[in-house]
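Taken in sequence, the protein lines are chains A and B.
With the first letter of the first sequence counted as 1, position 67 gets the number 69 in the numbering used here; the numbers rise by one all the way through.
With the first letter of the second sequence counted as 1, position 99 gets the number 101 in the numbering used here; the numbers rise by one all the way through.
A short write-up of the structure that comes next.
Number of protein chains: 2
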Amino acid sequence: MTDPRENGFDLNPKYDAAGLVTAVVTDGLTGELLMVAHMNAAALAATRSSGKATFWSRSRQALWVKGETSGHTLAVRDLRIDCDQDAIWVIADPAGPACHTGARSCFYRRIGPDGLERVE
Amino acid sequence: MTDPRENGFDLNPKYDAAGLVTAVVTDGLTGELLMVAHMNAAALAATRSSGKATFWSRSRQALWVKGETSGHTLAVRDLRIDCDQDAIWVIADPAGPACHTGARSCFYRRIGPDGLERVE
């Protein structure tokens with residue numbers, strides 16, 4: 003494997019046709035998966051410079067500082083990128099529920115044998 | 003909020019235009035983020051019935067039982083779905099490195115202030 007994107011140390015995100023990469027947020031304390039969203043180059047730059055997780059809202063077509071209205075910001079503890087640089091792992095300390103429904107994590111339902119089940 | 007997709011208990015994934023949802027895999031033991039991939043309906047069904055994480059390979063346009071050639075399968079411990087049902091969390095026990103590069107996790111590089119840094 004000699005693909006510099008995979009083995010090198012230059013940040014070179016592989017944005018999709020819409021200019022986005024997937025962003026996965028886990029809780030720095032508990033390790034729980036909190037949410038999955040998207041970043042464009044501006045969102046990634048804002049996340050790195052501000053230390054607050056910032057995404058691209060596909061529905062609003064606008065930069066979205068997570069928690070800017072709710073106060074439930076995500077303070078970035080660490081940022082990682084995957085092998086082909088099309089996904090970013092945000093390890094963060096949440097200031098409140100990550101989900102707009104009020105749940106701590108967006109993943110509040112288990113896929114059981116007969117449908118969904120509430121967890122937590 | 004009265005959206006049955008968000009508050010209900012029917013599994014009703016919101017597939018994108020390509021028929022896919024995002025699938026995020028964490029290590030059931032360590033909580034580490036291992037990989038991000040995609041599932042279509044057939045991949046999700048196969049994952050549920052076999053207990054082995056199965057994805058849709060966008061590059062090969064084929065079902066992809068993770069580890070079917072390498073042996074590095076992902077035994078599913080739990081499956082969760084997010085609020086709008088467009089992302090699935092696979093909590094799994096890996097039989098070997100999750101990344102095709104041989105790293106335990108695909109997220110083996112930190113985004114540092116001056117570029118990428120190897121972690122682990």
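We put the CB at the ideal spot given by N, CA and C, even for glycine.
query: Does the beta carbon of G73 of chain A come closer than 8 Å to any beta carbon on chain B?
result: The residue you call residue 73 of chain A lines up with position 71 of the first sequence. By this cut-off, G73 of chain A is not an interface position.
- request: Taking only the alpha-carbon atoms, compute the straight-line gap between R62 of chain A and L13 of chain B and give it to the nearest angstrom.
  value: On the first sequence, position 60 is the one that residue 62 of chain A refers to. On the second sequence, position 11 is the one that residue 13 of chain B refers to. Those two C-alpha atoms are separated by around 26 Å.
field: Distance between A48 of chain A and D80 of chain B (C-alpha atoms, nearest Å)
entry: Walking along the second sequence from the start, residue 80 of chain B turns up at place 78. Walking along the first sequence from the start, residue 48 of chain A turns up at place 46. So the two alpha carbons sit approximately 34 Å from each other.
message: Taking a contact to mean a Cβ-Cβ separation below 8 Å, would you say L22 of chain B touches N9 of chain B in this structure?
response: Numbered from 1 along the second sequence, position 20 holds the residue referred to as residue 22 of chain B. Numbered from 1 along the second sequence, position 7 holds the residue referred to as residue 9 of chain B. No, they are not a contact pair.
- prompt: Smallest Cα separation from D116 of chain B: which of A:E34, A:S51, A:D5 and A:T24?
  reply: Here residue 116 of chain B is taken as the residue at index 114 of the second sequence, counted from 1. Checked all of A:E34, A:S51, A:D5 and A:T24; the closest Cα to D116 of chain B is A:S51.
task: Note down, in chain order, every chain B residue with its Cβ under 7 Å from the Cβ of A89 of chain A.
output: Here residue 89 of chain A refers to the residue found at position 87 of the first sequence. Correct list: V38.
field: N- and C-terminal bounds of the beta strand (DSSP E) containing S59 of chain B
entry: As a first step, residue 59 of chain B must be located in the second sequence, where it is residue number 57. Here the beta strand (DSSP E) through S59 of chain B covers T56 to S59.
query: Does F57 of chain A come within less than 8 Å of chain B when only Cβ atoms are used?
result: As a working mapping, residue 57 of chain A is identified with position 55 in the first sequence. No - not a single Cβ of chain B is within 8 Å of the one on F57 of chain A.
- prompt: Does DSSP put E122 of chain A in a helix, a strand or coil?
  reply: On the first sequence, residue 122 of chain A is found 120 positions in, with the first residue counted as 1. Of the three classes helix, strand and coil, the one that applies to E122 of chain A here is coil, per DSSP.
- prompt: Shortest alpha-carbon distance to G30 of chain B belongs to which of B:A94, B:I90 and B:E122?
  reply: As a first step, residue 30 of chain B is located in the second sequence; it is residue number 28 there, counting from the start. With distances taken between Cα atoms, G30 of chain B lies closest to B:A94.
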